[in-house]
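Protein chains in written order, with our numbering: chain A, 1 to 445; chain B, 446 to 1078.
Structure follows, in structure tokens:
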């Protein structure tokens, strides 16, 4: 028997003790499973409470059984769910009994979703969104994952692809029916419409990678000279001791990170080794890691000890090596501040919490600002971005061409743009073009 | 009597099939109802156009008849899209109907190995589930190693003219009823299609002086590479338009049209609509253009291209009279619609052999196509394969979508069927920049030589041209110039300081080979008739390079063959719709499966994975899964 037509099963809830556990079974033998436990399969779309009995006549559990008949189930196959008591013995007995049934085997990772996709229950964007829904740690990630599931990218991409195909179809009509009377206004408006499309798609790409950042999380690196209080700040933010904190200079030699939920966005805050000249070999390694972490992070916070005489010089050196946008925290103001800090610096003293709220507001504002510019399409993965960039390349190259003298080259570029969009939604086909041609013009002698 | 190949039908598919099989060395019988009608143009007396002209050049590259015949009979040659890029140039010519027929008949008579037999075919001779010949209506059995059926519109043909219906293959010719019943009894997927033709006019009753005239190209460009120049005199066509009065007449009588009264059941083509269709579907358009095309040098008949109709005779009379220049024109033959049987071409392999009956090949309108060129191209492929099969070979010659328009057409037909009469367009070819009318010989003649369907004369001509082309290409690639050398040339070169070869310069828009002679006088050696091909090659070089990757991917999928006996019910993860589709149409390759309408990428992946498992013990053919997964994403 082919392995893929086998019926698969898996524990759908986490292993361990719980009030209820759910075992999911999918495939053409699913409906036979209750009989193996001397129970009856419910009617499709119904549930029933059944006593499950093993081969020796002993009761395993009293469980709720749900039956969904193909194709009206999540996988598109017959699906049975056993909602049993969440004890270790109950679930283990049931799972090992299922393994012993002919034609059944434990599912491998992702196999239910795989079948869902193969049976046409969802498309690629749907599979991706489903994974994102399950992986979501914050409310914002969840909102975005559901938006994606419901067409936040699918809808605009479908619309754009249709627009590209329509423009391509008009060009094809000009090429294939040279003796027909295609209105001149049609040709004139192609450029106009494609320009508008280019503007819209580039607008969506110019999103500061919002969607990807919400999905993957925002990385914030703390940089600063030794003993400036970075680790204390990290602990204060995380509200729990994570990094080793001591007053001895250079303790945090490696990167220490903590995951946070700031206004619904997952933020990874990375503490780094303090930067100083003449560091030992181990510390030098830590410092170079600090700088490389800062270069990959979305935001960098530079923390300095404002009570030190040379903090401004230290800050200038670090800001130069960090080499990008950052914000400055002048710490330990309770010990006095040397000189005049820049206007946009946050003055903070963690010993009495002064400036800490302002710092949190600023951090949140940075992240929220990144996320508040809502575009018409949400891009959550690199492959979406690549496809849209390829689309733009095609459209822009097409716009540079001459519609009258080289319509075949412009059409070629538009075709590649439509194909790139099709990679997100499905395949392009010449019939799509012809359908578009014939529905809009009167063609044929 | 026994032949290697029997071809049934003497239209464009039949003529080409018989000639191709004979060039391959087969002993061929062409059986048709009237020998005098061989090479008849049933509808518009014109050859070529966009996509269609490409097909004619490809037929010519494989040494077929059509290009040579139209060169001997064309009375108005025009290169469509001349002002645009060479990939979309469409050679077209009006034909003198009589001259065209004579040319085809002469070419067939000159061809060694073709016997012409006048008889109506009533049945197929089937022996152990293999088609081994035909039985004439008079009961005579003619045996052969393979049979090619090219029945055109003759299978259960039914003509509609207003409310009148007449069983006929063409006007005044009987249909092939017995053969149609035989095919229906084979339980083949048979459907109905329809097409139409306009009324013919007596040109002597048209007021030509009031019309805008369209001249032929000067000089006319021949279709065949064997023709050096056109000697047939060239005529002009007239251009006129329908009026609001025409549209009123049609709107008032549309219920009398066979197409609108519900009398016809077949699907007609969207791109060749009847005038009643045009008026009905585009009510906002106040007027439609039509071309008045002479049917011959000595024939007063005029073909009014653009008013195909099945309205009753009296309505056709008033309709014609409402058009400027045609007020007093006399109709010599009324327009009509014709419905006919066709076999769903998805029942064919890409060699055009009927899967259910080995030994039988189908070509032309019987496969749901429309147009002489489409028919001829299929005839050639079917003729070659019939000859290969009769000679003991597999008979599985086929062209890919990246090889030729012929490949695009046959692939479309065998994977998508013919929901409407199929006509070639350049937009159907995804590798349009590569598949040009000007380079058909470069793409196909060498393959034809290897196959054996290219005669001595063309072989010699091609080898000569091929050598000159290679020499010219080397020269263009080796000559290079610095910006300073070009500064006095007037060539539109970008000011980027780069040194460019002659080939690079030709890729720039508007640069021609003759202009380059200012810089390099030695280019004079390149003969003029090669210029266009070389210029086009350079112009599209960068695009073609980009398309190579796609083509390689396609070839990989084409190379992944699906065994004809594969049990799709054993393929896991297939939806029942996909399984039905695959079982019904049995695609030959993964690429074809991917193009079946209604096929999902997921289903193609499932088949692919199944095949990979099946041949897990066989040598690995490369990672197809990765490639297709890329396509899905």
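Quick reminder that beta carbons are idealized off the backbone N, C-alpha and C, glycines included. In this text, all values refer to a predicted model and were calculated from it rather than measured experimentally.
Buried or exposed for residue 455 of chain B, going by 16 or more other Cβ atoms inside 10 Å? buried
Within its chain, find whatever has a CB closer than 8 Å to the CB of residue 945 of chain B; leave out the 5 residues flanking it on each side and keep chain order. 925, 926, 931, 938
Cα separation between residue 885 of chain B and residue 760 of chain B? 45 Å
Note down the Cα distance separating residue 771 of chain B from residue 764 of chain B, rounded to an integer number of angstroms. 10 Å
Residue 1055 of chain B classed as buried or exposed, judged by whether at least 16 other C-beta atoms fall within 10 angstroms: buried
Spatially closest choice to residue 982 of chain B from B:917, B:896, B:934, B:866, by CA coordinates: B:917
Mind reading off the beta-carbon distance from residue 27 of chain A to residue 77 of chain A? Whole number of angstroms is fine, and I expect it under 8 Å. 5 Å
Just the Cα atoms here: how many angstroms apart are residue 105 of chain A and residue 94 of chain A? One C-alpha to the other measures close to 13 Å.
Under 7 Å by beta carbon: chain A residues contacting residue 530 of chain B: 406, 408, 409
Listed from N- to C-terminal order along the chain, which residues in the region 119-132 of chain A have their beta-carbon within a distance smaller than 8 Å of any beta-carbon of chain B? 119, 120, 124
Enclosing alpha helix (DSSP H) for residue 1039 of chain B [first to last residue]: 1035-1040
Should the region 798-817 of chain B be called in touch with the region 564-579 of chain B, which here means at least 3 C-beta pairs below 8 Å? yes
Residue from B:649, B:680, B:854, B:669 whose Cα sits closest to the Cα of residue 777 of chain B: B:649
In or out: residue 654 of chain B buried (at least 16 other Cβ within 10 Å) or exposed? exposed
When the cut-off is 9 Å and only beta carbons count, does residue 702 of chain B lie next to chain A? Interface annotation, residue 702 of chain B: not in contact with chain A, CB-CB separation never under 9 Å.
Can you check which of these residues, B:462, B:514, B:501, is closest to residue 560 of chain B by C-alpha distance? B:462
DSSP bridge partner residues for residue 576 of chain B (one or two, in chain order): The partner list for residue 576 of chain B (beta bridge, DSSP) reads B:571.
Please list, in chain order, the chain A residues whose beta carbon lies closer than 7 Å to that of residue 781 of chain B. Those do not exist, as residue 781 of chain B stays about 17 Å from chain A at its closest Cβ, beyond 7 Å.
Residue burial classification, residue 843 of chain B (beta-carbon count within 10 angstroms, cutoff 16): By the neighbour-count rule (16 or more Cβ atoms within 10 Å), residue 843 of chain B is buried.
Assigned exposure category for residue 449 of chain B - 16 Cβ within 10 Å defines buried: That one is buried.
Interface flag, residue 339 of chain A vs chain B, CB-CB below 9 Å: no
Nearest-angstrom Cα distance between residue 244 of chain A and residue 379 of chain A? With a pLDDT of only 49 at residue 244 of chain A, under the threshold of 50, the placement of this residue in the model should not be trusted, and no figure is reported.
Contact under 9 Å by Cβ, residue 500 of chain B with residue 177 of chain A: In this structure, residue 500 of chain B keeps its C-beta atom at 9 Å or more from the C-beta atom of residue 177 of chain A.
Could you pull the start and end residues of the beta strand (DSSP E) that residue 657 of chain B belongs to? 657-659
Under 9 Å Cβ-Cβ, which residues of chain A neighbour residue 1020 of chain B? Here the neighbours are 71, 76, 118, 119, 120.
Cα-Cα separation, residue 409 of chain A to residue 595 of chain B: 38 Å
When the Cα atoms are used, what is the spatial distance from residue 660 of chain B to residue 677 of chain B? 14 Å
Within a Cβ cutoff of 6 Å, which residues of the same chain sit near residue 539 of chain B, ignoring the five residues on either side of it in sequence? 491, 520, 521, 738
Distance check for residue 814 of chain B and residue 866 of chain B, CA to CA, integer angstroms please. 5 Å
Any beta carbon of chain A sitting closer than 9 Å to that of residue 496 of chain B? yes
If we define contact as Cβ-Cβ less than 9 Å, is residue 522 of chain B a contact residue for chain A? no
Burial state of residue 344 of chain A, where buried means 16 or more other Cβ atoms lie within 10 Å: exposed
Quick test of the definition: if touching needs 3 or more C-beta pairs under 8 Å, does the region 59-67 of chain A touch the region 38-51 of chain A? yes
For residue 412 of chain A, which residues in chain B fall below 7 Å Cβ to Cβ? 878, 988
Quick one, which residues of the region 173-190 of chain A are near chain B if we go by CB-CB under 9 Å, in chain order? Answer in chain order: 173, 174, 175, 176, 177, 178, 179, 180, 181.
Three-state class that DSSP yields for residue 944 of chain B in the structure shown: coil
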